[in-house]
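J.:
Number of protein chains: 2
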Amino acid sequence: MTNPAGADVSKLRELNSVSVVRAMRGQPPATVTELADRVGMSRPGTDVVVRGLVADGWVKVVEPDGSTVGRPARRYCFNAEAGHVLGVDVGVHKILVLLSDLEGHVVHSHRLPVEPSADPAARLDAVDTAITQCLKAAKMRPTQIWAVTVGVTGPVDSTGRTTLFTPLPGWAGVSPAEHLAARFTCPILVENDCKLAAVAERWQGAAQDADDIVYVLAGIRTGAGLIIDGTLRRGFGGAAGEIGALKAVRWDSAPEHIENCPGIPSSIHADDRAAWVFTEARAGNRDASTAIRRYVKDLAVGTAALVLTLDPQVVVLGGGFSRSADLILDPLARELGRLCLRVPEIRASSLGADSVALGALRVALDHLDSQLFTDGMPAPLTR
Amino acid sequence: MTNPAGADVSKLRELNSVSVVRAMRGQPPATVTELADRVGMSRPGTDVVVRGLVADGWVKVVEPDGSTVGRPARRYCFNAEAGHVLGVDVGVHKILVLLSDLEGHVVHSHRLPVEPSADPAARLDAVDTAITQCLKAAKMRPTQIWAVTVGVTGPVDSTGRTTLFTPLPGWAGVSPAEHLAARFTCPILVENDCKLAAVAERWQGAAQDADDIVYVLAGIRTGAGLIIDGTLRRGFGGAAGEIGALKAVRWDSAPEHIENCPGIPSSIHADDRAAWVFTEARAGNRDASTAIRRYVKDLAVGTAALVLTLDPQVVVLGGGFSRSADLILDPLARELGRLCLRVPEIRASSLGADSVALGALRVALDHLDSQLFTDGMPAPLTR
DNA sequence: CGACTAATGATGTGCCGCATCGAAAGTTTG
DNA sequence: CAAACTTTCGATGCGGCACATCATTAGTCG
């Protein structure tokens with residue numbers, strides 16, 4: 000786009016092929032006439048293009064089908080099974096692998112619990128196992144995967160290496176991309192988990208209508224992911240959104256208000272303390288309410304910094320605590336109203352714990368899209 | 000780009016016309032053969048395209064010219080005089096109007112002092128006068144202007160209306176765009192001054208190599224402009240970069256450290272106090288050094304919030320105080336090192352007080368570019 | 001003045017998309 | 001059961017665009 004490139008006549012075919020594919024994706028099977036209308040081309044021209052796409056494997060035919068009157072039309076739809084992508088969430092407690100087709104429909108998933116204390120080698124082993132299991136269940140081989148995205152905690156630099164501090168033991172400097180390159184020849188992307196969750200919320204979650212989104216991960220950890228003008232922003236060194244590193248913003252210590260809330264019975268498991276606090280707060284427990292109020296106050300300072308910097312349309316609240324969004328959203332909105340010039344909409348995440356892996360899928364698909372659409376959709380069968 | 004559009008055969012000509020123009024702009028006059036090489040088209044094809052562009056007025060011929068051997072080639076260059084744009088800086092003390100051709104070469108400028116206390120009506124009158132003078136000097140009529148960008152203080156919403164708080168008296172809610180629409184039929188853009196200065200620094204200033212830039216205005220006022228992935232980011236409500244509104248960030252009061260530095264002689268004019276402080280600091284005045292240290296400390300907190308949010312490649316320090324960048328850059332870098340994960344490069348602005356108007360020019364030109372390039376460069380003579 | 005060089009202009013070819021029209025494949029109706 | 005109707009399918013001819021090739025032209029150099 001930026002560098003001038005002479006356009007051959009064949010470029011036209013490429014352009015129109017891409018247009019037709021764009022018009023077909025995510026839609027029910029369509030007739031050539033419908034596609035011609037949608038794309039704004041003539042019927043014969045569209046027909047030729049569609050034939051080419053069928054020959055290349057991008058499009059498949061859905062024979063006749065229920066029509067009312069006239070000669071029944073052949074129906075075509077995007078061949079989502081032409082390729083598949085993997086989305087991997089390397090979490091603290093679990094590895095989650097999602098396998099989807101080119102439309103983003105999840106066809107298989109595999110979840111593997113991991114000890115929070117596991118070292119990088121063990122964790123990467125678990126990733127391998129989960130991917131193997133997932134592919135096996137889907138009866139697919141690694142060569143059939145067109146792209147993989149891995150979500151990890153902590154910032155990721157442009158080479159796909161984790162950098163700086165991460166909550167996982169010994170995880171700094173690890174390169175999941177290099178590790179997976181041994182098994183996959185396709186592009187392997189590595190991305191921060193908060194950023195992927197943000198992508199997921201825009202794709203299928205609470206912010207599908209917005210192009211400027213601040214996603215705030217509110218849980219045992221606190222983090223953020225930014226989508227600006229519809230695109231995930233990584234920052235020059237991949238550390239965009241790491242406002243929590245500013246000591247004046249008490250994101251590191253914020254969850255402690257809840258974790259260390261006075262009155263938590265010692266019988267409660269460490270992982271369930273937050274749930275206890277939220278439940279108690281709803282029941283009227285003063286200490287619990289205070290803990291949450293303090294937490295939200297700390298959370299709001301960092302969020303306000305993000306909001307003032309970016310002026311987004313929506314703030315999406317995700318992470319473990321977002322299950323109790325009813326207790327957080329309103330006070331958070333109040334605090335932001337106090338701190339910000341213009342308060343954006345604040346919404347609770349509508350995706351569960353799968354959001355990181357979902358976002359990973361979307362990033363992988365986006366990567367393919369940008370490649371294919373700029374190259375004019377070469378035949379996928381040759382891969 | 001996003002909605003599928005069938006590509007007619009004529010689209011090819013459009014594409015190639017755009018490519019050729021792209022290859023010509025900012026370059027010395029070129030022969031058809033050179034252009035063909037640059038664009039990657041055949042010579043005859045390029046020739047036809049260039050002829051069309053000449054006929055439309057986009058390109059002009061530079062007859063023969065010094066060549067060495069062989070038949071002398073006709074040389075063509077982009078006809079920058081085909082249209083012009085205006086960049087207007089509505090400052091506190093001055094109105095500055097720049098008139099440039101389509102290459103961004105300033106052909107005329109007009110500067111008009113304004114009382115800081117002038118009300119909006121008087122200020123808009125001054126804008127009118129300055130524009131009139133500038134056009135008169137260039138012997139041009141308003142219809143020959145293809146786009147105007149106006150830089151103002153304070154956030155600007157998407158309709159080009161100033162919003163919220165601004166340092167100019169009564170300036171909130173004013174719409175310079177509506178005011179100018181009476182004289183110009185071309186697009187009139189209104190933008191925040193810090194944002195425009197950021198654009199200027201990337202265009203001709205200290206950050207020409209960077210795509211992720213945080214511009215910090217350090218002067219009597221403090222503000223910021225953000226460029227992410229090479230594009231100016233306005234935010235959903237036009238208030239991106241307004242981190243100074245966060246009270247925890249002491250940007251509002253930061254300049255007071257310098258303005259109220261102990262020891263400033265009462266004989267010094269209010270506008271020259273900062274200069275006095277910087278001069279004294281260089282001479283070893285303790286109070287002055289302390290004032291600057293405190294100022295930088297406050298400045299750094301807000302800057303750190305921006306840097307941590309966006310992780311830019313470069314921070315450009317602009318505004319009046321940047322003339323004394325030698326006293327600010329190093330301590331600022333130290334503070335950011337303490338506060339941030341990854342410290343970006345910190346550079347002093349290399350543009351003077353014209354930066355806002357320059358950025359306004361660039362924004363106007365960018366607006367034209369995006370329009371023309373997507374429409375395939377229709378003949379400009381018809382305007 | 002002739003040889004060399006590089007741009008110019010003209011011709012023919014192939015590809016692409018469009019408009020048009022007859023043939024085909026169904027449904028509806030009497 | 002057959003004729004009328006509706007809609008898709010397939011083929012043909014047309015015009016536009018870029019390309020390759022080659023003769024022509026306009027300079028410089030020896």
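Protein chains in written order, with numbering that gives the first Met the number 0: chain A, 0 to 382; chain B, 0 to 382.
For every residue, glycine included, the Cβ atom is placed at its ideal position computed from N, Cα and C.
Here the structure is a predicted model, which means the values were calculated and not measured.
#1: Could you compute how far the alpha carbon of residue 374 of chain A sits from the alpha carbon of residue 4 of chain B?
#2: With 8 angstroms as the limit, tell me which residues of the segment 326-360 of chain A have their beta carbon closer than that to any beta carbon of chain B; keep them in chain order.
#3: Using DSSP with H/G/I as helix, E/B as strand and the rest coil, what is residue 187 of chain A?
#4: Quick one: using the 10 Å Cβ neighbour count with 16 as the cut-off for buried, is residue 267 of chain A buried or exposed?
#5: Would you call the CB atoms of residue 302 of chain A and residue 355 of chain A closer than 7 angstroms?
#6: Three or more C-beta pairs under 8 angstroms: does that hold for the segment 116-130 of chain A against the segment 13-26 of chain B?
#7: Between which two residues does the beta strand (DSSP E) holding residue 399 of chain B run?
#8: Going by CA-CA distance only, name the one from B:13, B:195, B:37, B:111 that's closest to residue 23 of chain B.
#9: State the DSSP-derived secondary structure class of residue 173 of chain A, mapped to helix, strand or coil.
#10: Could you tell me whether the Cβ of residue 212 of chain B comes closer than 7 angstroms to any Cβ of chain A?
#11: Return the residue from the list B:61, B:68, B:210, B:87 that minimises the CA-CA distance to residue 78 of chain B.
#12: What residue range is occupied by the uninterrupted beta strand (DSSP E) comprising residue 199 of chain B?
#13: Can you look up residue 145 of chain B in the DSSP assignment and give me helix, strand or coil?
#14: At a CB-CB cut-off below 8 angstroms, which residues of chain A make contact with residue 14 of chain B?
#15: Establish whether the CB of residue 279 of chain B and some CB of chain A are separated by less than 7 angstroms.
#16: Can you give me the Cβ contacts of residue 296 of chain B inside the same chain, cut-off strictly under 7 angstroms, excluding the 5 residues immediately before and after it?
#17: For residue 144 of chain A and chain B, any beta-carbon pair shorter than 7 angstroms?
#18: State yes or no: is the beta carbon of residue 38 of chain A nearer than 7 angstroms to at least one beta carbon in chain B?
#19: Please confirm whether residue 310 of chain A has its beta-carbon closer than 7 angstroms to some beta-carbon of chain B.
#20: From this set, A:206, A:235, A:220, which residue's C-alpha is nearest residue 213 of chain B's C-alpha?
#21: When the distance is taken between beta carbons, is residue 183 of chain A closer than 7 angstroms to residue 141 of chain A?
#22: Taking residue 288 of chain B as the reference, which of B:261, B:270, B:313, B:312 has the closest Cα?
#23: Is there a Cβ from chain A that is less than 7 angstroms from the Cβ of residue 232 of chain B?
#24: Under a Cβ-count criterion, where at least 16 other Cβ atoms within 10 Å of its own Cβ denotes burial, should residue 238 of chain B be classed as buried or exposed?
#25: Starting from residue 93 of chain B and walking both ways along the beta strand (DSSP E), at which residues does that stretch end?
#26: Between A:201, A:21, A:312, A:180, which has its C-alpha nearest residue 342 of chain A's C-alpha?
#27: Between residue 58 of chain B and chain A, is there a C-beta pair that is closer than 7 angstroms?
#28: 7 angstroms is my cut-off, CB to CB: does residue 299 of chain B come that close to chain A?
#29: Determine the contact status of residue 161 of chain A and residue 153 of chain A, defining contact as a CB-CB distance below 7 angstroms.
#30: Who are residue 77 of chain A's beta bridge partners in DSSP?
#31: Can you check whether the CB of residue 362 of chain A is closer than 7 angstroms to the CB of residue 148 of chain A?
#32: Mind checking the segment 241-256 of chain A against chain B and listing, in chain order, the residues whose C-beta falls within less than 9 angstroms of any C-beta there?
#33: By the criterion of Cβ-Cβ separation under 8 angstroms, what are the contact partners of residue 217 of chain B in chain A?
#34: Among all the DSSP beta bridges, which residues are the ones paired with residue 256 of chain A?
#35: Alpha carbon to alpha carbon, how far is residue 218 of chain B from residue 316 of chain B? Give it in angstroms, no decimals.
#36: Is it the case that the CB of residue 370 of chain A approaches a heavy atom of the ligand GDP more closely than 6 angstroms?
T.: According to the structure data:
#1: Within the first sequence, numbered from 1, the residue matching residue 374 of chain A stands at position 375. Within the second sequence, numbered from 1, the residue matching residue 4 of chain B stands at position 5. Residue 374 of chain A and residue 4 of chain B: Cα-Cα distance of roughly 17 angstroms.
#2: 338, 339, 340, 341, 343
#3: Against the first sequence, residue 187 of chain A aligns to sequence position 188. Three-state result, residue 187 of chain A: strand.
#4: The residue you call residue 267 of chain A lines up with position 268 of the first sequence. It is exposed - the Cβ of residue 267 of chain A has fewer than 16 other Cβ atoms within 10 Å.
#5: Here residue 302 of chain A corresponds to residue number 303 of the first sequence, with the count starting at 1. Here residue 355 of chain A corresponds to residue number 356 of the first sequence, with the count starting at 1. Going by C-beta atoms, residue 302 of chain A is not nearer than 7 angstroms to residue 355 of chain A.
#6: no
#7: Residue 399 of chain B is absent from the structure shown; chain B starts at 0 and stops at 382.
#8: Here residue 23 of chain B refers to the residue found at position 24 when the second sequence is read from its first residue. The candidate whose alpha carbon is nearest that of residue 23 of chain B is B:37.
#9: Indexing the first sequence from 1 puts residue 173 of chain A at position 174. Coil, per DSSP.
#10: By one-based count along the second sequence, residue 212 of chain B stands at place 213. No, because no Cβ of chain A sits closer than 7 angstroms to the Cβ of residue 212 of chain B.
#11: For the purposes of this step, residue 78 of chain B is identified with residue 79 of the second sequence, where counting begins at 1. Closest by alpha carbon: B:61.
#12: The residue labelled residue 199 of chain B in the question sits at position 200 within the second sequence. First-last for residue 199 of chain B: 192-202, but that is the alpha helix (DSSP H), not the beta strand (DSSP E).
#13: Locating residue 145 of chain B in the second sequence gives position 146, counting from the first residue. Strand, per DSSP.
#14: Within the second sequence, numbered from 1, the residue matching residue 14 of chain B stands at position 15. Those are 6, 10, listed as they occur along chain A.
#15: Residue 279 of chain B sits at position 280 when you count from the first residue of the second sequence. No, residue 279 of chain B lies away from the interface with chain A (no Cβ there is under 7 angstroms from its Cβ).
#16: Along the second sequence, one-based indexing puts residue 296 of chain B at 297. Around residue 296 of chain B: 334.
#17: Residue numbering aside, residue 144 of chain A sits at position 145 when the first sequence is read from its first letter. Not closer than 7 angstroms to any Cβ of chain B, the Cβ of residue 144 of chain A fails to qualify, so no.
#18: Translated into the one-based positions of the first sequence, residue 38 of chain A becomes position 39. Judged by the 7 angstroms Cβ criterion, residue 38 of chain A is in contact with chain B.
#19: As a first step, residue 310 of chain A must be located in the first sequence, where it is residue number 311. Yes, residue 310 of chain A counts as interfacial toward chain B.
#20: Walking along the second sequence from the start, residue 213 of chain B turns up at place 214. With distances taken between Cα atoms, residue 213 of chain B lies closest to A:235.
#21: The residue you call residue 141 of chain A lines up with position 142 of the first sequence. The residue you call residue 183 of chain A lines up with position 184 of the first sequence. Cβ atoms of residue 141 of chain A and residue 183 of chain A: closer than 7 angstroms.
#22: Residue mapping note: residue 288 of chain B aligns to position 289 of the second sequence, counting from 1. Comparing Cα-Cα distances from residue 288 of chain B to each of B:261, B:270, B:313, B:312, the minimum goes to B:261.
#23: If you number the second sequence from 1, residue 232 of chain B lands on position 233. With 7 angstroms as the cut-off, residue 232 of chain B counts as an interface residue toward chain A.
#24: On the second sequence, position 239 is the one that residue 238 of chain B refers to. Buried: at least 16 other Cβ atoms inside 10 Å.
#25: Along the second sequence, one-based indexing puts residue 93 of chain B at 94. Here the beta strand (DSSP E) through residue 93 of chain B covers 93-100.
#26: Here residue 342 of chain A refers to the residue found at position 343 of the first sequence. Comparing Cα positions, the closest option is A:312.
#27: As a position in the second sequence, residue 58 of chain B is number 59, starting the count at 1. So no, residue 58 of chain B is outside the interface.
#28: Stepping through the second sequence from its first residue, residue 299 of chain B is reached at position 300. Residue 299 of chain B does not count as touching chain A.
#29: If you number the first sequence from 1, residue 161 of chain A lands on position 162. If you number the first sequence from 1, residue 153 of chain A lands on position 154. Closer than 7 angstroms, so yes.
#30: For this step, residue 77 of chain A is matched to residue 78 along the first sequence. Note: residue 77 of chain A sits in a beta bridge opposite A:58.
#31: Residue numbering aside, residue 148 of chain A sits at position 149 when the first sequence is read from its first letter. Residue numbering aside, residue 362 of chain A sits at position 363 when the first sequence is read from its first letter. Cβ distance < 7 angstroms, so residue 148 of chain A and residue 362 of chain A count as in contact.
#32: 241, 242, 243, 244, 245, 246, 247, 248
#33: Indexing the second sequence from 1 puts residue 217 of chain B at position 218. The premise fails here: residue 217 of chain B is roughly 17 angstroms from chain A at the closest Cβ pair, so nothing lies under 8 angstroms.
#34: Position 257 of the first sequence, counted from the start, is the residue given in the question as residue 256 of chain A. Residue 256 of chain A is not bridged to any residue.
#35: The sequence position of residue 316 of chain B within the second sequence is 317, counting from 1. The sequence position of residue 218 of chain B within the second sequence is 219, counting from 1. Cα to Cα, the separation comes out at about 10 angstroms.
#36: Only the bare structure without any ligand can be found here, which leaves the ligand GDP out of the picture.
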